[in-house]
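A.B. asks: Here you go, one structure.
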C-alpha cells in the first residue's frame, strides 16, 4: 500500500486516499513517473516515458539533475543536441547519443536496453543503463525505485566520490567494467575489460588494464593472419572470451594462458594494418581496413598505463607573434620593472598563513635593492600589499595595470615574481615563464642563475600565454620561484636567507642578459 | 550465347527444329537471363545510390574515429590517451558529427584521465557547459568551478594547455576560445593566463 499512501501524501488529502483505494488507475494515470529514492530522499522525477516496459528519463528532468548534483556529477547537454554527456566525480565521462544503443562509460562501451530518443525537444535516456553507468544499483520496493551506490550495503553517503571500490565484480550484461580499479586493493595488475569498437576505418580493441603491465605482441605472416598480445604479470578479471567479430577482424579471444599471462588473440580478415597504442587505460589495438605494408613490424613490446610518448613542444610560428616588435627600443634603458605578483585583495596561493602576495613582495624588494646597488633604476608595480589597479578589480585590469607601468615607462626589462602552488605536494622546483621570442634569451639567463644558486629542481623555461609577459613590450619573464605546496620548497620559501639568494640569482641573470646598466640616461 | 541468339530469331525456327523440348528449354533460359539482368541492374543502381550517399555524407573530413585526449603530467609535459568516437549516426549531418566530436573531446579533456593517473586537473566540479565551433575556433564554455584555482602558474597553465592541445588536434580546429559561465573573461581571478583571445597550440 506504500504507493497509495505516497500518492495520498502528495495530493495531501484523505479524500484522495479514499479515491485512490477505490480507483487506483486514476491515481497512477495522474502521475505515471515512478517514485525514485536516493539516500533516503525522494527525487523529484517528473518527466519519464515507457519504452516497451523499460523506463526512459528526460535529460532535463529535475529529479535527474538533483541526483547528478548529489553525486557530484554534471551533465553537458542542451536542447536540440544529440549527445548527452555526463562527467562524474571520479571523474569519468558517460556518453549517450540519440539513435545509438551504444553508450560509453570511460573507455568501455556497452549496449543499452534501447537507444535514447528525442521527444518534445528533450532527449529520453534509458533509465536502468544510466543508473548503472552512474554506478548506482536500483532495486524495487513496491512501486518505489530505491537507488544506492553499487557495492555499498548501507545507504550511500551524499557524495560517494571517495567510496573505495572493492575488487570489481562483473555485473551481468550489459557489462560495465571498472576500467580504473583502485590498484590499492589489487595485488597484481588486472585486465578489467576487453571490448571492440568497429567503425568505417576499422576496429579498435580496447584492453583496459588497472596498473602497469609490460606486454609483447606478435603477428604471423599472410596468409596466417593472426595477432596476439601477451600481458605479463596480469590477471584476467573478466570471463575468458572467444567470439567472432566483424571485419576487419574475424575473431577475438582473451584468456589466462598461464597464471602470470593474459593473452588477447585476434584473427584478422587479411594482412591488416595494426597499431598497438598503450594509453592511460591500458592498451588499444587499432586494426585498419587497409593492408599493412609488407615490411611492417611483426613483433613489439611496451608498457600499459605508460602513456604515449610526450608530444614534442610545437614550434613557435611567426604569426603567433603580434605584440612588441623584436626591435623594441626602450626609452628608459636604465629602468627595470619589478612586478611582485598578486597583492591586496588577491592573495595568490597560500599555505599555513604564508601568502604568495607577501612572499612576492619580499623577493621584489630584495631584488630592487640589489639592482639599485648595481646602478639600475628600478620601478616596482607595487611596493606595499595593495592591488596595483584597484581593490577587488578584475584580473584583466590588475594585470594590464602592471603592464602599463612597464610600457608607459619605456623600461628595459620586466620581471614578474611569483610563487607556485599545486593541489598536491608532488610538483616542486623553479620555473621561468615567458611568452614572446624576445623573452627567450632573458628567460634562459635568469633560469640558469636561479637553478645554479638555489638547489631547487630545475623545471626549465616554459612558454605560456601569460598576460604580463605577453603584453609587455620589452623582454619579460615571470619567475615562479618555488612551490608553496611542496614541503621542501616551503621550507626554502620561509627562509629569508634563501629569498635573498633568489634575488641575487635574478640580479645575476639580468646582468648576464643585459650587461651592466648604461652609465647615463639617454 | 549461340542458344540465346537462336531463341531470339523466332519461335518458328523452333518448330523447324526436331528437338522441341530443347527449344522450350532455351525460351525459359532467355526468361531467366532477362530477369537476372534486371536484377543486376537494380543491384547496381542501389549500390551506386548507397555509395554516393556515403560519399556525400562523409566528405569534408568530419570527425576522426578515435579522439586523442591530452593531459598535463606533473612534470609539466603533455601526454595523451585515445578514446573511440561514436560513428556518424543516421540523420546526423557531417557538420553535427564534427561538432559532437569537439564536444566529446572537450568534456573528456576537462574530466581528465582516470583518477589513478597523476595529472594536472581542473578544479573539482569543473565541467564543460557547452562547446561550439565557428570559423575553425572552438568556443568552450566552462562552469564557474574553473575559477577555484589554488594559485600558481603551474596548474592553470597545464589545465588549459591540455584542453587546447586536445581540441586543436581535431580536424579543422585551430584555436580555442574559453568562456566561463557563458561570458568571455580576460583572465581568471588571481590568474596568469590571457584568456580574452583564442588560445592556440603555438601559445605554448
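Residue numbers (our numbering), protein chains in the order written: chain A, 1 to 522; chain B, 523 to 726. Beta carbons are placed, not taken as given, at the ideal position from N, Cα and C, and that holds for glycine. Predicted model, so just to flag it, every value in this text is computed and none were measured.
Going straight from the alpha carbon of residue 693(B) to that of residue 507(A), what length do you get?
C.D. replies: Rounded to whole angstroms, residue 693(B) to residue 507(A) spans 46 angstroms at the Cα level.
A.B. asks: Indicate whether residue 496(A) and residue 404(A) have their beta-carbon atoms separated by less than 9 angstroms.
C.D. replies: Not a contact, by the Cβ cut-off of 9 angstroms.
A.B. asks: Between which two residues does the alpha helix (DSSP H) containing residue 471(A) stretch?
C.D. replies: It spans 467-471 - the alpha helix (DSSP H) in which residue 471(A) sits, taken as one unbroken run.
A.B. asks: May I ask you to list the residues that DSSP assigns as paired with residue 229(A)?
C.D. replies: For residue 229(A), which the question treats as bridged, DSSP gives the partners 217(A), 264(A).
A.B. asks: Against residue 204(A), what residues of chain B qualify as contacts under a CB-to-CB distance less than 7 angstroms, listed in chain order?
C.D. replies: Correct list: 588, 606.
A.B. asks: Could you give the DSSP three-state label for residue 474(A): helix, strand or coil?
C.D. replies: In this structure, residue 474(A) counts as coil in the three-state DSSP scheme.
A.B. asks: Does the distance from the C-beta atom of residue 411(A) to that of residue 379(A) stay below 9 angstroms?
C.D. replies: Cβ atoms of residue 411(A) and residue 379(A): closer than 9 angstroms.
A.B. asks: Distance cutoff 9 angstroms, beta carbons only. Does residue 609(B) sit that close to anything in chain A?
C.D. replies: It does; some Cβ of chain A falls within 9 angstroms.
A.B. asks: Does any residue of chain A bring its CB to less than 9 angstroms from the CB of residue 665(B)?
C.D. replies: Chain A contact via Cβ: present.
A.B. asks: How big is the Cα-Cα spacing for residue 700(B) and residue 471(A)?
C.D. replies: So the alpha carbons of these two residues sit roughly 19 angstroms apart.
A.B. asks: Let's test the definition: count the other Cβ atoms within 10 Å of the Cβ of residue 123(A) and tell me whether it reaches 16, buried, or not, exposed.
C.D. replies: With 16 or more Cβ atoms within 10 Å of its Cβ, residue 123(A) is classed as buried.
A.B. asks: Against chain B, does residue 349(A) count as a neighbour if the rule is that its beta carbon must be under 9 angstroms from one of theirs?
C.D. replies: Interface residue, yes.
A.B. asks: Whole angstroms are fine: how far does the CA of residue 290(A) sit from the CA of residue 219(A)?
C.D. replies: About 16 angstroms.
A.B. asks: Using the beta-carbon of each residue, which ones in chain A are nearer than 9 angstroms to residue 657(B)?
C.D. replies: None at all; the shortest Cβ gap to chain A is about 16 angstroms.
A.B. asks: Please confirm whether any heavy atom of the ligand HEM lies closer than 8 angstroms to the CB of residue 89(A).
C.D. replies: The ligand HEM is not part of the structure shown, which contains no ligands of any sort.
A.B. asks: Inspect the CB distances between the region 594-608 of chain B and the region 655-662 of chain B and report whether three or more fall short of 8 angstroms.
C.D. replies: No, the region 594-608 of chain B is not in contact with the region 655-662 of chain B.
A.B. asks: Using 9 angstroms as the limit for Cβ to Cβ distance, is residue 81(A) near chain B?
C.D. replies: Yes, residue 81(A) counts as interfacial toward chain B.
A.B. asks: Within the same chain, show all residues whose beta-carbon is closer than 8 angstroms to that of residue 323(A), passing over the 5 residues directly before and after it, in chain order.
C.D. replies: Confidence at residue 323(A) is low in this model, with a pLDDT of 41, below 50, so its placement is unreliable and no value can be given for it.
A.B. asks: Looking at C-alpha atoms only, which residue of 44(A), 81(A), 95(A) is the closest neighbour of residue 608(B)?
C.D. replies: With distances taken between Cα atoms, residue 608(B) lies closest to 95(A).
A.B. asks: Output needed in chain order: residues of the region 274-294 of chain A with a Cβ under 8 angstroms from some Cβ in chain B.
C.D. replies: For the region 274-294 of chain A, which is checked against every Cβ of chain B, the residues closer than 8 angstroms are 277, 279, 280, 281, 284, 286.
A.B. asks: Taking residue 49(A) as the reference, give the member of 477(A), 108(A), 118(A) with the closest Cα.
C.D. replies: Checked all of 477(A), 108(A), 118(A); the closest Cα to residue 49(A) is 118(A).
A.B. asks: If you drop the 5 nearest sequence neighbours on each side, which residues of the same chain put their C-beta closer than 6 angstroms to that of residue 315(A)?
C.D. replies: Note that residue 315(A) has pLDDT 41, beneath the 50 cutoff, so the model's placement of it is unreliable and the number below is only indicative. Around residue 315(A): no qualifying Cβ.
A.B. asks: On the three-state DSSP scale, how would you describe residue 646(B)?
C.D. replies: Coil, per DSSP.
A.B. asks: Show which residues of chain A have a CB atom less than 7 angstroms away from the CB atom of residue 571(B).
C.D. replies: Per Cβ cutoff of 7 angstroms: no residues; residue 571(B) is ~18 angstroms from chain A at best.
A.B. asks: Could you give the residue range of the alpha helix (DSSP H) that holds residue 683(B)?
C.D. replies: Where residue 683(B) is concerned, the enclosing alpha helix (DSSP H) stretches over 675-690.
A.B. asks: Can you tell which of 610(B), 628(B), 563(B), 619(B) has its C-alpha closest to the C-alpha of residue 691(B)?
C.D. replies: Measuring from the Cα of residue 691(B), the nearest candidate turns out to be 628(B).
A.B. asks: Could one say the Cβ of residue 675(B) lies closer than 9 angstroms to chain A's Cβ atoms, at least one of them?
C.D. replies: At least one chain A Cβ lies under 9 angstroms of residue 675(B).
A.B. asks: In whole angstroms, what separates the C-alpha of residue 713(B) from that of residue 294(A)?
C.D. replies: Each residue's Cα considered, the two are about 53 angstroms apart.
A.B. asks: What ranges does the alpha helix (DSSP H) occupy inside the region 47-114 of chain A, keeping only unbroken runs of at least 4 residues that lie completely in it?
C.D. replies: For the region 47-114 of chain A, whole alpha helix (DSSP H) runs of length 4 or above, ordered along the chain, are 62-71.
A.B. asks: Could one say the Cβ of residue 689(B) lies closer than 9 angstroms to chain A's Cβ atoms, at least one of them?
C.D. replies: Answer no: the Cβ-Cβ gap between residue 689(B) and chain A never drops below 9 angstroms.
A.B. asks: Closer than 8 angstroms by beta-carbon distance: list the chain B residues that pair up with residue 92(A), in chain order.
C.D. replies: In chain order: 633, 636.
A.B. asks: What is the rounded straight-line gap between the Cα of residue 417(A) and the Cα of residue 689(B)?
C.D. replies: Answer to the nearest angstrom: the Cα atoms are 31 angstroms apart.
A.B. asks: Select from the region 709-726 of chain B all residues with a C-beta closer than 9 angstroms to any C-beta belonging to chain A, and list them in chain order.
C.D. replies: Those would be 709, 710, 711, 712, 713, 714, 715, 716, 717, 718, 719, 721, 722, 723, 724, 725, 726, in chain order.
A.B. asks: What do you get for residue 343(A), buried or exposed, if any count of 16 or more other CB atoms within 10 angstroms of its CB means buried?
C.D. replies: It counts as buried.
A.B. asks: What do you reckon, are the CB atoms on residue 456(A) and residue 430(A) nearer than 9 angstroms?
C.D. replies: A contact, by the Cβ cut-off of 9 angstroms.
A.B. asks: If contact is defined by three or more beta carbon pairs under 8 angstroms, each pair taking one atom from either stretch, is the region 713-724 of chain B in contact with the region 671-683 of chain B?
C.D. replies: Yes: the two stretches touch, three or more of their Cβ pairs being nearer than 8 angstroms.
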